[in-house]
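Before any comments, here is the structure.
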Amino acid sequence: MNILLSKNSFAGPISGADEIAVNYAAELKAAGHEASVLLVQPPAPGDPLAARLCAAGVELTALASPRFTASLAAGRKLALAAMRAFSPAKKVLRSNSRRIVHDLLQRYHDAFREHLARRRPDVVHVITPDPGAVMFIRAAHSAGVPVVYQEVGTPFHPPGFEEVYERFVKVLPLCSEVATLSPSLAREMRRAVPSLAREPRVVPLIAPDAADGLAPARDARPAGSPVRFGFASRLEHLKGPLQLVEGFAAAHGAHPEVELRIAGEGSQRQQVLAVLRRHGLAEKSRMVGTYTTLEARSRFMRDLDVFVHPSFTEGTPNAVIEAMAHGLPVVATDVGGLPDFVTGDCGVLVPAGDAGALGEAMKMVAGDANLRRSMGLAAREQYRRLFTSGVVMPLLTDFYRRVIAAHGASGNGHGAAGRSNELRHPWAEGAGAAEATRRDDLAAVLGGN
0 MNILLSKNSF AGPISGADEI AVNYAAELKA AGHEASVLLV QPPAPGDPLA ARLCAAGVEL
60 TALASPRFTA SLAAGRKLAL AAMRAFSPAK KVLRSNSRRI VHDLLQRYHD AFREHLARRR
120 PDVVHVITPD PGAVMFIRAA HSAGVPVVYQ EVGTPFHPPG FEEVYERFVK VLPLCSEVAT
180 LSPSLAREMR RAVPSLAREP RVVPLIAPDA ADGLAPARDA RPAGSPVRFG FASRLEHLKG
240 PLQLVEGFAA AHGAHPEVEL RIAGEGSQRQ QVLAVLRRHG LAEKSRMVGT YTTLEARSRF
300 MRDLDVFVHP SFTEGTPNAV IEAMAHGLPV VATDVGGLPD FVTGDCGVLV PAGDAGALGE
360 AMKMVAGDAN LRRSMGLAAR EQYRRLFTSG VVMPLLTDFY RRVIAAHGAS GNGHGAAGRS
420 NELRHPWAEG AGAAEATRRD DLAAVLGGN
């Protein structure tokens, strides 16, 4: 199969949508398919995701020039400065700037059609409703190429992006299929966008096993080391870094030996530092910046005992799955697709925004080495069951084959293609089967108590 994965741009380190696109493309190429990635805006020189695609033999191209990207970046800086200077008009300025960017990107419609004529993909796979997604979907549909859209977050979230989705959902009827990353997200997509012609498909993300056959993280740290919590995400309000610090302060009050490692950058970095200092925890914490390679990610994870993800809104966060791949127990919020895989045997879920509940969960896990070990083992197994290439690729390729076959049957494309041999993924039969599996897992955990 010839698959073209499309995004507006690479958003930078620790971008879940970027990771998903790159991992899909690399795994498809390794499996013998013709996979390529197309961006509207070219990546920055030395971009680590571009380097990963190159190493995997995946073609990466862009429609716009670096000058266009630089102009957009300059315009964004001006808009942000205007919003800071005229805060009463912030909402209007943000809405107008988003509309301008959307309109600018529609100008690449014909250039994308020309790219399709040269590349001749069997399917265009658009990931996340970024500013280029509307153009990609319209152009592919008008060119007679089947196009699928994959929602990697929660529709109409986060707050403040409603207008983006209202504009975007108008083109969803042009898609052959719509997919999400987990059963819970499929149900939420159906609820939030009732106009969908058919049920969303569940196509999980693929997370490479960065442990590379080495002992998982739970065995990497020396015996007797202080319990170390870790966080890896953007330091922005919606990811909950301030709740993380408050939870860590509570855990430290009960277990003064605990430590904290934070990977990531963002607008709340200085606030995080200030709150750590206020609690007298600056010496117990370290901010390590943003990792950009699989090796650096693995080093970070292997230096932890527990992974914490206190986000307010999510899809299926890569960082949590990567932590589970390293055998780490997880403390996270009960949002998005997290309940589909952070079950009671491998982690603890708490309400979003509840720093008290987060602190209690962190205290409990910090104080019980046997619990950490059993949860880490279960987390590693959950990762292997749900997110490795071997279990996701049959589902992904079956998804594409169904789209190609349906398009061919309608007289517009390449003809029918057979199904993959075996769909081994627990979510292959949809949300109902996954919900039953989740109930069985929970019953097993409760029965063991």
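Under numbering that gives the first Met the number 0, residues 0 to 448 are what the sequence shown spells out, in order. For glycine and all other residues, C-beta sits at the position ideal for the given N, C-alpha and C.
Next on the checklist: Helix, strand or coil for ALA50? Go by DSSP, reduced to three states.
Outcome noted: helix
Item to check | Strand pairing of ASN1, partner residues [DSSP] | outcome: GLU33
Checklist entry - Which of helix, strand or coil does DSSP assign to SER14? => result coil
Checklist entry - Helix, strand or coil for ARG379 per DSSP? => result helix
Next on the checklist: Within 8 Å, do at least three Cβ pairs link the region 276-286 to the region 390-398?
Outcome noted: no
Next on the checklist: Any beta carbon from chain C within less than 8 Å of VAL122's own beta carbon?
Outcome noted: The chain inventory of the structure shown lacks chain C, comprising one protein chain alone.
Checklist entry - In three-state DSSP terms, what is THR289? => result In this structure, DSSP gives THR289 a state outside helix and strand, which the three-state scheme calls coil.
Item to check | ARG260 in three-state terms, based on DSSP | outcome: strand
Next on the checklist: Report the CB separation of TYR382 from ILE2 in whole angstroms; it is logged as a contact under 8 Å.
Outcome noted: Actually they do not touch by this definition, with Cβ atoms about 24 Å apart.
Checklist entry - What are the boundary residues of the beta strand (DSSP E) that includes LEU59? => result 58-61
Checklist entry - Grouping DSSP H, G and I as helix and E and B as strand, with all else coil, what is GLU176? => result strand
Item to check | Residue span of the alpha helix (DSSP H) that contains LEU115, given as start and end | outcome: 108-118
Checklist entry - With 16 as the cutoff for other CB atoms within 10 Å, does ASN369 come out buried or exposed? => result exposed
Checklist entry - From LEU385, ARG233 and ILE126, pick the residue whose C-alpha is nearest to that of SER310; which is it? => result ARG233
Item to check | Entirely enclosed alpha helix (DSSP H) segments - the region 270-319, minimum 4 residues | outcome: Segments of the alpha helix (DSSP H) lying fully in the region 270-319: 293-300.
Checklist entry - So is SER8 buried or exposed if we call it buried at 16+ other beta carbons inside 10 Å? => result buried
Checklist entry - Excluding the five sequence neighbours on either side, which residues of its own chain have a C-beta within less than 6 Å of the C-beta of PRO145, listed in chain order? => result VAL122, SER175, VAL402 and HIS406
Checklist entry - So is GLN269 buried or exposed if we call it buried at 16+ other beta carbons inside 10 Å? => result Flag for GLN269 reads exposed.
Checklist entry - Between ASP17 and PRO207, what straight-line distance do the alpha-carbon atoms span, to the nearest angstrom? => result 14 Å
Next on the checklist: Please classify PRO193 as buried or exposed, where buried requires at least 16 other C-beta atoms within 10 Å of its C-beta.
Outcome noted: exposed
Next on the checklist: For VAL125 and VAL319, I'd like the C-alpha separation in whole angstroms.
Outcome noted: Going by the C-alpha atoms only, they are around 23 Å apart.
Checklist entry - Straight-line CA distance for ALA248 to GLY358? => result Approximately 8 Å between the Cα atoms of the pair.
Next on the checklist: Which residue wins for smallest C-alpha separation from PRO65, given the options GLN40, LEU48 and PRO47?
Outcome noted: GLN40
Next on the checklist: Distance check for ARG423 and PRO172, CA to CA, integer angstroms please.
Outcome noted: Those two C-alpha atoms are separated by around 30 Å.
Item to check | Contact check, PRO328 vs VAL364, beta carbons under 8 Å | outcome: Yes, these two residues count as a Cβ contact at 8 Å.
Checklist entry - Residue range of the alpha helix (DSSP H) that GLY358 falls in? => result Run containing GLY358: 354-365, per the alpha helix (DSSP H) assignment.
Checklist entry - THR457 to ILE205, Cα distance in whole Å? => result With the chain running from 0 to 448 in the structure shown, residue 457 is simply not present.
Next on the checklist: If distances are taken between C-alpha atoms only, which option among HIS254, TYR290, PRO240 and ARG298 comes closest to LEU487?
Outcome noted: An answer regarding residue 487 cannot be provided, because it is not within the stretch 0 to 448 covered by the chain.
Next on the checklist: Considering just the uninterrupted stretch of the alpha helix (DSSP H) at HIS251, what are its terminal residues?
Outcome noted: Taken as a continuous stretch (DSSP letters only), the alpha helix (DSSP H) holding HIS251 covers 240-253.
Checklist entry - What is the rounded straight-line gap between the Cα of LEU348 and the Cα of ASP333? => result 5 Å
Item to check | Terminal residues of the alpha helix (DSSP H) in which PHE135 lies | outcome: 132-141
Checklist entry - Under the three-state reduction of DSSP, which class applies to LEU348: helix, strand or coil? => result strand
Item to check | Neighbourhood of ALA24 by C-beta, 6 Å cutoff - its chain only, sequence neighbours within 5 removed | outcome: LEU4, ALA34, VAL36 and VAL57
Next on the checklist: Using 8 Å as the threshold, is the C-beta distance between ALA231 and VAL202 below it?
Outcome noted: The answer is no: Cβ separation not under 8 Å.
Next on the checklist: I need the DSSP call for PHE386, collapsed to helix, strand or coil.
Outcome noted: Coil at PHE386, not helix or strand.
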